[in-house]
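Only one structure is covered here, and it is reproduced in the block below.
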Amino acid sequence: MSMKIGDYTGISTGYQNNNTSKTGKYNNVREYSSYLTQKFGCLTPGKNAAVSVTGGLMRKAMADEKTGAWLERELGKATDYIEAAQKSAIAHGSTLKSVSIEFGEEYSTMTTVVVTDGGGTDSEIDKWLEKIKEKRDEQKAADKKLEQKRAESKNMEMAPYKMELKGKDMADLTNQFAMKLSMQAGVSALGGFDVKA
Numbered sequence: 024m025s026m027k028i029g030d031y032t033g034i035s036t037g038y039q040n041n042n043t044s045k046t047g048k049y050n051n052v053r054e055y056s057s058y059l060t061q062k063f064g065c066l067t068p069g070k071n072a073a074v075s076v077t078g079g080l081m082r083k084a085m086a087d088e089k090t091g092a093w094l095e096r097e098l099g100k101a102t103d104y105i106e107a108a109q110k111s112a113i114a115h116g117s118t119l120k121s122v123s124i125e126f127g128e129e130y131s132t133m134t135t136v137v138v139t140d141g142g143g144t145d146s147e148i149d150k151w152l153e154k155i156k157e158k159r160d161e162q163k164a165a166d167k168k169l170e171q172k173r174a175e176s177k178n179m180e181m182a183p184y185k186m187e188l189k190g191k192d193m194a195d196l197t198n199q200f201a202m203k204l205s206m207q208a209g210v211s212a213l214g215g216f217d218v219k220a
């Protein structure tokens, strides 16, 4: 037995929208759509699975931070919803053969599924989900690496600069300090130093 309810068209970027974001992050819906597609692998449709966002919701999310946060949270959970639908179908002795989720205005979500008898999972949906998980893991690793570099850079900026000087008197030490200071890039002249005789 096969049942199909509705159909999906994917993310719509086929028109130019010159509405600008109130937050100033994106100049138009096309830029915002590109950002979402890059950040959330689920927006790249698979053979039997797709997640989409209506243009109206994208415009609203561009203009309203609360809506934007909701949309990103839901897009982050989209694959979890699909995996739950697979498990539900299996529990009823069926196979989820096709699924699409569309996020629309007013926080609405439309899900379209095709379920057949048999049980198990659809290999195309499994491949799509695995590809998204791999991309998510790669992004997390890249983000972690970037954060580590930022932390190291910040630690380097905040680390005190140490300079040891040895001389016969204060005038000699002062001259050595001035000479070394002028040769070192990025050393603040406002710092202090200890004199060791």
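Residue numbers (our numbering): 24 to 220. C-beta atoms are modelled at their ideal positions from N, C-alpha and C, and glycine is treated no differently. If you're wondering where the values come from, they're calculated on a predicted model, not measured in any experiment.
Original post:
If Asp-145 and Leu-119 are in contact, beta carbons under 8 Å, what's the gap, nearest whole angstrom?
Top reply: On the sequence shown, position 122 is the one that residue 145 refers to. On the sequence shown, position 96 is the one that residue 119 refers to. Going by Cβ atoms, the distance from Asp-145 to Leu-119 rounds to 6 Å, so yes, they are a contact pair.
Original post:
Skipping 5 residues on each side, what residues in its chain have a beta carbon closer than 7 Å to that of Leu-80?
Top reply: Translated into the one-based positions of the sequence shown, residue 80 becomes position 57. The answer, listed in chain order, is Leu-94, Phe-126, Gly-127 and Glu-128.
Original post:
How should Ser-123 be labelled, buried or exposed, when 16 other C-beta atoms within 10 angstroms of its C-beta is the threshold for buried?
Top reply: Start at 1 with the first residue of the sequence shown, and residue 123 comes out as number 100. The residue is buried, with at least 16 neighbouring Cβ atoms inside 10 Å.
**OP:** Can you have a look at Met-24 and say buried or exposed, based on whether 16 or more other CB atoms are within 10 angstroms of its CB?
**Re:** Within the sequence shown, numbered from 1, the residue matching residue 24 stands at position 1. Confidence is the limiting factor: at Met-24 the pLDDT is only 38, short of 50, which leaves the residue's position unreliable, though a coordinate-based value still follows. With fewer than 16 Cβ atoms within 10 Å of its Cβ, Met-24 is classed as exposed.
Subject >> Simplified DSSP state of Met-179, which is helix, strand or coil >> reply: Mapped onto the sequence shown, residue 179 falls at position 156. Helix at Met-179.
**OP:** Please name the residue or residues paired with Phe-126 in a DSSP beta bridge.
**Re:** For the purposes of this step, residue 126 is taken as residue 103 along the sequence shown, with counting starting at 1. Phe-126 pairs with Val-76 and Thr-132.
Subject >> Environment of Leu-98 [buried if 16+ CB atoms lie within 10 Å] >> reply: In the sequence shown, residue 98 corresponds to position 75, counting from 1. Its Cβ being crowded by 16 or more others within 10 Å, Leu-98 is buried.
Original post:
Would the stretch 52-71 and the stretch 80-89 be scored as touching if the rule is three or more Cβ pairs under 8 Å?
Top reply: yes
**OP:** Just confirm the distance between the C-beta atoms of Ser-117 and Thr-139, as a whole number of angstroms; I'd bet it's less than 8 Å.
**Re:** Along the sequence shown, one-based indexing puts residue 117 at 94. Along the sequence shown, one-based indexing puts residue 139 at 116. Between Thr-139 and Ser-117 the Cβ distance is about 6 Å, and since that is below 8 Å, they are a contact.
Original post:
So, are the CB atoms of Glu-187 and Leu-152 less than 8 Å apart?
Top reply: Position 164 of the sequence shown holds residue 187. Position 129 of the sequence shown holds residue 152. It is not a contact, given that the beta carbons lie outside the stated cut-off.
**OP:** Might you give, ordered along the chain, the residues of its own chain that have their beta carbon closer than 7 Å to the beta carbon of Glu-147, omitting 5 neighbours on each side?
**Re:** In the sequence shown, residue 147 corresponds to position 124, counting from 1. If we look at Glu-147 and ignore the five residues flanking it on each side, its Cβ neighbours are Gly-69, Lys-70 and Asn-71.
**OP:** Compare the C-alpha of Val-74 against each of Asp-87, Lys-191 and Ser-56 and name the closest.
**Re:** Mapped onto the sequence shown, residue 74 falls at position 51. The option with the nearest alpha carbon to Val-74 is Ser-56.
Original post:
Around the Cβ of Ala-201, are there at least 16 other Cβ atoms within 10 angstroms (buried) or fewer (exposed)?
Top reply: As a working mapping, residue 201 is identified with position 178 in the sequence shown. By the neighbour-count rule (16 or more Cβ atoms within 10 Å), Ala-201 is not buried but exposed.
Subject >> Which residues DSSP lists as bridging Thr-118, in chain order >> reply: Stepping through the sequence shown from its first residue, residue 118 is reached at position 95. Answer is Thr-139, bridged to Thr-118.
Original post:
Which two residues bound the contiguous alpha helix (DSSP H) that contains Asn-198?
Top reply: What you label residue 198 is simply residue 175 of the sequence shown in a count that begins at 1. 193-206 is the span of the alpha helix (DSSP H), which, as asked, contains Asn-198.
Original post:
If you run the structure through DSSP and keep just helix, strand and coil, what is Thr-60?
Top reply: Here residue 60 corresponds to residue number 37 of the sequence shown, with the count starting at 1. Of the three classes helix, strand and coil, the one that applies to Thr-60 here is helix, per DSSP.
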